[in-house]
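In the UniProt record's numbering, the protein residues as written are 1 to 516.
Every residue, glycine too, gets a C-beta built ideally from N, C-alpha and C.
Given the structure is predicted, the values throughout are model-derived calculations rather than measurements.
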């Protein structure tokens with residue numbers, strides 16, 4: 001379970017200009033000075049059509065109640081989701097003013113509750129007061145307006161940002177982060193220079209923060225973990241879950257595990273558009289508290305979190321990785337031209353347990369149907385993965401499984417083309433590749449399952465375990481082993497015991513150098 005030291009190297013090689021600024025699952029941890037108490041809220045906002053001030057006011061009322069509840073349970077910090085105050089139903093840019101607020105810089109040492117020299121919104125004032133009155137750190141996401149200071153005075157314009165704001169126990173603004181990687185958000189602007197934001201707390205923890213789509217990019221997420229060494233991350237999100245690799249809790253867990261950091265993830269809750277999923281994650285120590293249920297609408301998750309993410313000792317099991325000599329002749333090399341695949345043209349709008357789910361375009365993957373067993377290397381272009389799978393008990397229903405591999409550029413949303421590599425076992429509703437990305441209860445039992453991928457660029461990419469069962473939550477009984485030989489790193493994910501009800505099991509990689 002040891003990670004290459006190079007993984008914590010600086011990201012300067014990416015050539016990016018940065019600015020540095022100041023089913024539910026739960027486990028209980030005993031009280032200790034080595035822990036802090038964190039709260040995350042999965043929230044369904046109220047939306048009053050065409051009325052920004054009233055929408056903000058009603059959601060602020062709800063936020064204050066959650067702040068009071070968390071404070072009574074001795075929470076040190078509470079995190080609310082992306083778009084939780086405004087809702088997702090914001091108007092176009094020409095009507096954004098009443099939905100937004102000025103957000104003072106941390107250098108202003110501004111307490112909206114008591115200070116009056118900056119014209120901030122009533123929402124910012126009230127939440128500052130709630131933080132102060134309840135003696136708790138509060139993290140919110142809000143629509144920010146900023147006057148463009150770079151233009152001549154006769155042509156001043158407003159810029160709008162998707163912004164996280166952090167209040168300390170006195171209600172002072174101690175952090176302001178503007179989202180870098182926008183996801184089809186035409187109302188909002190990017191800053192000229194991406195922001196990498198951290199803040200310190202009185203309970204001895206330094207946090208970094210970013211928003212939703214940022215989690216799949218090197219900036220700012222990996223700058224926080226690999227360059228600055230921040231081990232506690234706050235994540236606000238309005239995620240749109242996509243099967244089989246990018247459902248919300250699956251992604252949050254996979255990223256926290258990959259970077260071995262604590263992650264406090266607060267999610268927007270509207271299952272009918274595919275947005276839900278929140279949790280508290282402890283890096284390679286696993287999942288401590290999460291929700292991926294369509295009901296109830298409102299959730300407050302509170303857990304004690306270790307301040308340090310020192311890896312637990314995990315027994316490394318013997319994993320069969322070598323191909324049998326007689327199978328080598330069956331290895332296929334497929335040459336596929338470099339192109340962009342639209343991952344939103346396949347099976348849009350699938351409903352599972354009242355949750356709308358997007359689908360990967362799985363037909364673009366190289367794949368092999370698994371019958372009883374497989375010991376084989378599967379390649380997509382020059383990227384190869386070794387599979388060994390043995391089915392002990394076969395489900396009598398129509399659920400099937402395929403081993404899949406991909407190494408190309410995909411489309412996120414309608415605009416962002418990004419590099420992805422993956423190798424995994426995924427569930428299908430019949431024996432065709434078109435049916436994969438299916439979610440169902442499966443009694444098919446795998447007595448053994450291991451997948452190995454090889455990387456020559458491991459320090460430059462994000463490699464996440466991707467595991468999921470039909471409850472839309474990660475399952476536990478597997479090992480993850482990294483072996484580095486000179487410049488090559490082999491990553492193996494393998495079951496520790498016979499397991500059934502698998503939806504996804506494998507490795508998901510973001511290859512930043514392929515991003516367009």
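First and last residue of the uninterrupted alpha helix (DSSP H) at residue i
i, result
"residue 127", "122 to 134"
"residue 259", "248 to 259"
"residue 67", "52 to 72"
Whole-angstrom distance between residue j and residue i, CA atom to CA atom
i, j, result
"residue 435", "residue 59", "40 Å"
"residue 224", "residue 208", "6 Å"
"residue 203", "residue 76", "8 Å"
"residue 64", "residue 78", "11 Å"
"residue 526", "residue 501", "Nothing can be reported for residue 526, as the shown portion of the chain is limited to 1 through 516."
"residue 383", "residue 454", "8 Å"
"residue 233", "residue 355", "27 Å"
"residue 133", "residue 284", "36 Å"
"residue 186", "residue 485", "45 Å"
"residue 99", "residue 293", "29 Å"
"residue 511", "residue 143", "30 Å"
"residue 304", "residue 200", "18 Å"
"residue 433", "residue 367", "8 Å"
"residue 108", "residue 91", "30 Å"
"residue 277", "residue 197", "24 Å"
"residue 23", "residue 474", "Low per-residue confidence applies at residue 23: pLDDT is 43, beneath 50, and the placement is therefore not dependable, though the value from the model is reported in the following sentence. So the two alpha carbons sit approximately 11 Å from each other."
"residue 318", "residue 253", "Caution is warranted here: a pLDDT of 31 is assigned to residue 318, below 50, making its placement in the model unreliable, and the coordinate value is therefore given only provisionally. Answer to the nearest angstrom: the Cα atoms are 25 Å apart."
"residue 192", "residue 101", "20 Å"
"residue 452", "residue 300", "38 Å"
"residue 138", "residue 272", "28 Å"
"residue 422", "residue 468", "15 Å"
"residue 215", "residue 465", "14 Å"
"residue 492", "residue 405", "15 Å"
"residue 245", "residue 365", "13 Å"
Cβ distance (whole Å) where residue i is taken to contact residue j below 8 Å
i, j, result
"residue 279", "residue 265", "5 Å"
"residue 424", "residue 505", "6 Å"
"residue 477", "residue 496", "5 Å"
"residue 39", "residue 302", "5 Å"
"residue 380", "residue 407", "5 Å"
"residue 403", "residue 410", "Residue 403 to residue 410, Cβ: 19 Å. No contact."
"residue 358", "residue 274", "6 Å"
"residue 401", "residue 426", "7 Å"
"residue 87", "residue 111", "About 27 Å separates the two Cβ atoms, so there is no contact after all."
"residue 241", "residue 308", "Incorrect: roughly 31 Å between the Cβ atoms, too far for contact."
"residue 184", "residue 437", "That belief does not hold up - the Cβ atoms of residue 184 and residue 437 are roughly 21 Å apart, past 8 Å."
"residue 444", "residue 270", "Wrong, their Cβ atoms sit about 33 Å apart, outside the cutoff."
"residue 177", "residue 157", "At roughly 22 Å, the Cβ-Cβ gap does not stay under 8 Å, so residue 177 and residue 157 are not in contact."
"residue 81", "residue 141", "7 Å"
Segment limits, beta strand (DSSP E) that includes residue i
i, result
"residue 291", "287 to 291"
"residue 408", "400 to 412"
"residue 356", "355 to 359"
"residue 113", "That residue, residue 113, is in no beta strand (DSSP E); it is neither H nor E in DSSP."
"residue 158", "158 to 167"
"residue 145", "137 to 147"
"residue 236", "232 to 237"
"residue 304", "299 to 306"
"residue 39", "35 to 42"
"residue 386", "383 to 393"
"residue 206", "206 to 211"
"residue 540", "In the structure as shown, the chain starts at 1 and stops at 516, and residue 540 therefore has no counterpart that could be examined."
"residue 508", "502 to 511"
"residue 99", "Per DSSP, residue 99 belongs to no beta strand (DSSP E) and is neither H nor E."
"residue 491", "488 to 495"
"residue 184", "Neither: residue 184 is in no beta strand (DSSP E) and is coded neither H nor E."
"residue 464", "462 to 469"
"residue 419", "416 to 428"
"residue 379", "373 to 380"
Which listed residue (the options) has its alpha carbon closest to that of residue i
i, options, result
"residue 169", "68, 99, 230, 430", "68"
"residue 124", "210, 71, 134, 167", "167"
"residue 462", "37, 93, 82, 420", "420"
"residue 70", "110, 136, 206, 46", "136"
"residue 526", "360, 215, 84", "Look at the range of the chain in this structure, 1 to 516, and you will see that residue 526 is not part of it."
"residue 126", "57, 492, 159, 193", "57"
"residue 255", "37, 221, 244, 138", "221"
"residue 352", "499, 243, 416", "243"
"residue 459", "371, 490, 117", "490"
"residue 258", "148, 51, 218", "218"
"residue 52", "93, 74, 36, 41", "93"
"residue 118", "42, 96, 291, 145", "145"
"residue 297", "36, 34, 41", "41"
"residue 371", "66, 446, 50, 365", "446"
"residue 180", "431, 416, 493, 483", "416"
Residue-level contact to chain C via CB, residue i, 7 Å cutoff
i, result
"residue 102", "In the structure shown, chain C does not exist; there is a single protein chain."
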